[in-house]
Amino acid sequence: MLGRSAFSRTGTFRPENLGQNAMAMIGNVCFSFFVIGVLVFTIMAATYEPEDPLFHPSTKITTFLTSKSNATFKSDNSVVRTGEDFMAANETVFGSIINSTDVDNLVSADNVDGGDTASASQCDVSGPIDCKDPEVFHLMMRATIDKFQDIHFYRFGKPVSGSNDNTCDMAWRFRPKEGKAAAFYKDYRRFVIDRSENCTLSIVSIGEYHTGVNARKRKKHLKGGLEKTPANLELASALPVVGEFVNDSLPVVESESSFSHGKYLIYEGGGDRCKSMNHYLWSFLCALGEAQYLNRTLIMDLSICLSSIYTSSRLDEEGKDFRFYFDFEHLKEAASVLDKKQFWEDWNKWQHKDGMSLHLVEDFRVTPMKLRDVKDTLIMRKFGSVEPDNYWYRVCEGETESVVQRPWHLLWKSRRLMDIVSAIASKMNWDYDSVHVVRGEKARNKELWPNLDAHTSPDALLSTLGDKIEEGRNLYIATNEPDTSFFDPLKDKYTTHFLDEYKELWDETSEWYSDTTKLNNGVGVEFDGYMRVSVDTEVFLRGKKQLETFNDLTSDCKDGINTCNVAAN
Numbered sequence: 001m002l003g004r005s006a007f008s009r010t011g012t013f014r015p016e017n018l019g020q021n022a023m024a025m026i027g028n029v030c031f032s033f034f035v036i037g038v039l040v041f042t043i044m045a046a047t048y049e050p051e052d053p054l055f056h057p058s059t060k061i062t063t064f065l066t067s068k069s070n071a072t073f074k075s076d077n078s079v080v081r082t083g084e085d086f087m088a089a090n091e092t093v094f095g096s097i098i099n100s101t102d103v104d105n106l107v108s109a110d111n112v113d114g115g116d117t118a119s120a121s122q123c124d125v126s127g128p129i130d131c132k133d134p135e136v137f138h139l140m141m142r143a144t145i146d147k148f149q150d151i152h153f154y155r156f157g158k159p160v161s162g163s164n165d166n167t168c169d170m171a172w173r174f175r176p177k178e179g180k181a182a183a184f185y186k187d188y189r190r191f192v193i194d195r196s197e198n199c200t201l202s203i204v205s206i207g208e209y210h211t212g213v214n215a216r217k218r219k220k221h222l223k224g225g226l227e228k229t230p231a232n233l234e235l236a237s238a239l240p241v242v243g244e245f246v247n248d249s250l251p252v253v254e255s256e257s258s259f260s261h262g263k264y265l266i267y268e269g270g271g272d273r274c275k276s277m278n279h280y281l282w283s284f285l286c287a288l289g290e291a292q293y294l295n296r297t298l299i300m301d302l303s304i305c306l307s308s309i310y311t312s313s314r315l316d317e318e319g320k321d322f323r324f325y326f327d328f329e330h331l332k333e334a335a336s337v338l339d340k341k342q343f344w345e346d347w348n349k350w351q352h353k354d355g356m357s358l359h360l361v362e363d364f365r366v367t368p369m370k371l372r373d374v375k376d377t378l379i380m381r382k383f384g385s386v387e388p389d390n391y392w393y394r395v396c397e398g399e400t401e402s403v404v405q406r407p408w409h410l411l412w413k414s415r416r417l418m419d420i421v422s423a424i425a426s427k428m429n430w431d432y433d434s435v436h437v438v439r440g441e442k443a444r445n446k447e448l449w450p451n452l453d454a455h456t457s458p459d460a461l462l463s464t465l466g467d468k469i470e471e472g473r474n475l476y477i478a479t480n481e482p483d484t485s486f487f488d489p490l491k492d493k494y495t496t497h498f499l500d501e502y503k504e505l506w507d508e509t510s511e512w513y514s515d516t517t518k519l520n521n522g523v524g525v526e527f528d529g530y531m532r533v534s535v536d537t538e539v540f541l542r543g544k545k546q547l548e549t550f551n552d553l554t555s556d557c558k559d560g561i562n563t564c565n566v567a568a569n
C-alpha cells in the first residue's frame, strides 16, 4: 500500500485513462500559451507609440520615413520631413541674384527713357514723397541691398505709399546666402525717406520684418518692380514662398454635374488617430498616394487629433485643423482633395438622384491594384478596431510599396509657421549660429546617458563652443531645457537667443493668431508643443553653423548606451 504511487489513488489516473489525460493536459497548456500570447500582443499594440523623430541630426534629414524594404512605419533617427525638404537647393533653380549693379543699370535705362526729368527748381521740398518715382524705387533698393548683407535678392516690388507723406512700403523676395532649404521668402518693410532742401533723397530708416503692410499683395496682383527671370521658370514657380498671402480656403465642387461625374476615395476609422505626427503623415500620404494611383479625389478629414506628446494638457486633443500644421493651399492646388464634411453634404444631396454607388473595402490586404477597375463613384476603405492591422499605412505595404508612391512633394509645412521662422531669423539678420541642447529626462537618466548632463552643462558648453563658434556671434539655442537662465554663463561670450524671446509672433496680437483664429471659427488657437518644436527646429536648421547634441556636444549615443552603431546604420 505504502509503495503505491499517489496517482493510483484517484480513478482519474487509471492506466486506461492516461492517454486521454495526457491529451487534455497538452491542450490546456497550449491554450494557456495562446491566451498569454494574445494578451501580450494586445498590450503591445495598445501601448505602441512610434518615436517622434523631431530634433534629430540634420545629417540624417534625407532618411525620414523612406523605406526600401518594408513600408511599415518605424521609429526613425531624423528630423520630420515634408515635400520642400526633398527639393534641390541650388542657385540654378532660384535664378539670378539682383545686386547693386543691376540697380545702377536700371537707373541708366530709366534716364535714357527720360525718367530723370525733375530738377531742384521743380521740386516741392514740403510735398509728400512720391513712392512711384523711379528715383525713390532705386534708392530703396540700394539701401535694402546695402543693409541686408546676408541675403540674396530675387525680386523687388514697386514701392507704394506708407502710413504718411514721408514713408513708402516695399516688398522683396529673397533667400539667405547660406540657405539650405529650397524656398523663397518674402519681406515687406516701411521706409522713412527724407528730402533735403536741394531735393536730394535719403533713407532715414528701414522698419522691422513685415512692417510695410501696404506692399503685401497677392501673388497674382504683383506687377512691375525688378526681377531676373530664372533659367528654369517652372521649377522656380514650384518652390514655396514664405511670407506670401495664404489662401487655404476649402475647395468647393462647382456643380451637381461635376460632383456626380467625379471619382472619390475615402478612408474611414482606423487606429491612426491621436498618434504622433509622423505616424499621421505616414498613413495620410499612403491614402493620398492610393488616390493618385486610382486617379480619384481623396476625401480628407481636416480635423485631426493632436497626440498628448505635443499638448500642454498631456492629453490627446481633438479638433485641431490640418491647416495649422501644413500648407493646404499647395496641397489643394497640386492634388485633388475635398473636405470630408463638405463631401458628405453633397453626397447626401445628390447620391440617390444621380445614382452614385459605393464600393466598400474592409480588408487592408485588398491592394490598390485590385481596385483599379472599380467603376463605383466612391471607394470607401473601412478600418477596424484592432491595432496595428487597422493602421492606414498597412495598405501601402508588401507588393503595393513598389506601385503606390507616397507623394511627399505635395505636403509642405505650414507657411504661417514658416513665416514665424523667417521672422525670427530676420530679427537676427539671418546671421547667426545655432546649437541644439537636449537635456530633460535624458540628462537625468545616467544609466542610458551617463555623460549628457555633464557635457551639456554651461561650463562644458563654453568649452565645446569656444572651439567651433566665434566669440560675439548671435547664438540660437534650441533646447528642451525649460529654464533658459541655465544658459546665462554663455552670455559672456555670445548673444544668446531662445524661442520664447519671440512670443509676440504668436501671441493674441500677432498675424498668426488672427489667421488661425479665423480658421478655427473664431476660437483662439494655442501655439502647441508640435508648433513650438517645429519652429524651434527650423530656426536651428537655418543657422550658419549648427551644432547638434549627439554629434557635437557629447559622446553619449542618442538612443542610449551602446546604440551609436545601430543608429548610424
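In terms of full-length UniProt numbering, the sequence shown opens at residue 1 and continues consecutively. Every residue gets a Cβ at the ideal spot worked out from N, C-alpha and C, and that includes glycine.
- Between the segment 431-439 and the segment 546-553 there are three or more C-beta pairs closer than 8 Å, enough to call the two in contact.
- In this structure, DSSP gives E362 a state outside helix and strand, which the three-state scheme calls coil.
- In this structure, Y154 places its C-beta atom within 8 Å of the C-beta atom of R173.
- Residue pairing from DSSP places D169 in a beta bridge opposite V160, R190.
- For a cut-off of 8 Å, the C-beta gap from G212 to D169 is around 3 Å, short enough to register as a contact.
- Per DSSP, reduced to three states, the secondary structure at G269 is strand.
- The DSSP-derived three-state label of N474 is strand.
- If you check the CB distance, A443 and T537 do not come in under 8 Å.
- Exclusion of the five residues before and after G529 leaves I309, Y310, T311, S312 as the residues of its chain whose Cβ lies within less than 8 Å of its Cβ.
- When secondary structure is reduced to three states using DSSP, Y185 falls in the strand class.
- Put simply, the backbone Cα of W449 is about 27 Å away from that of D500.
- The secondary-structure analysis by DSSP pairs L306 across a beta bridge with E317.
- Within the same chain, Cβ atoms closer than 7 Å to the Cβ of V192 are found at N166, T167, V204, S205, the five residues on either side in sequence being excluded.
- Taking 8 Å as the cut-off, the Cβ atoms of R381 and P240 do not count as close.
- Shown here, K413 sits in a strand according to DSSP, grouped into three states.
- With a 10 Å radius around the Cβ and a threshold of 16 neighbouring Cβ atoms, G127 comes out exposed.
- Note that the C-beta distance between V421 and V525 is not below 8 Å.
- At a Cβ-Cβ threshold of 8 Å, L378 and I266 count as neighbours.
- Rounded to the nearest angstrom, the Cβ distance from D389 to K340 is 23 Å, too far for a contact under 8 Å.
- Note on the segment 444-518: whole beta strand (DSSP E) runs with a minimum of 3 residues are 474-479, 495-497, in chain order.
- With a minimum length of 4 residues, the unbroken runs of alpha helix (DSSP H) contained wholly in the segment 245-295 fall at 256-260, 277-293.
- In the pairwise beta carbon analysis, the segment 254-269 is classified as touching the segment 342-352: at least three pairs are separated by under 8 Å.
- For D339, the enclosing beta strand (DSSP E) covers residues 337-339.
- Rounded to whole angstroms, the Cβ separation of L490 and L452 is 18 Å, and the two are not in contact under 8 Å.
- Annotation for F383: the continuous beta strand (DSSP E) segment containing it runs 378-383.
- Residue state for T297 is assigned as strand, using DSSP reduced to three classes.
- Per DSSP, reduced to three states, the secondary structure at V437 is strand.
- Checking the DSSP bridge columns, you'll see P176 partnered with I151.
- Distance between T516 and V523, taken at the CA atoms: about 9 Å.
- For Q546, the three-state secondary structure derived from DSSP is strand.
- With a contact defined as Cβ atoms closer than 8 Å, C199 and V160 miss out at about 21 Å.
- V204: member of the beta strand (DSSP E) spanning 201-206, first to last residue.
- The criterion of a C-beta distance shorter than 8 Å is satisfied by E329 and D248.
- Take the alpha-carbon of S96 and the one of L285: they are about 35 Å apart.
- In chain order, L410 place their CB closer than 6 Å to the CB of A335, counting only its own chain and leaving out the 5 sequence neighbours on each side.
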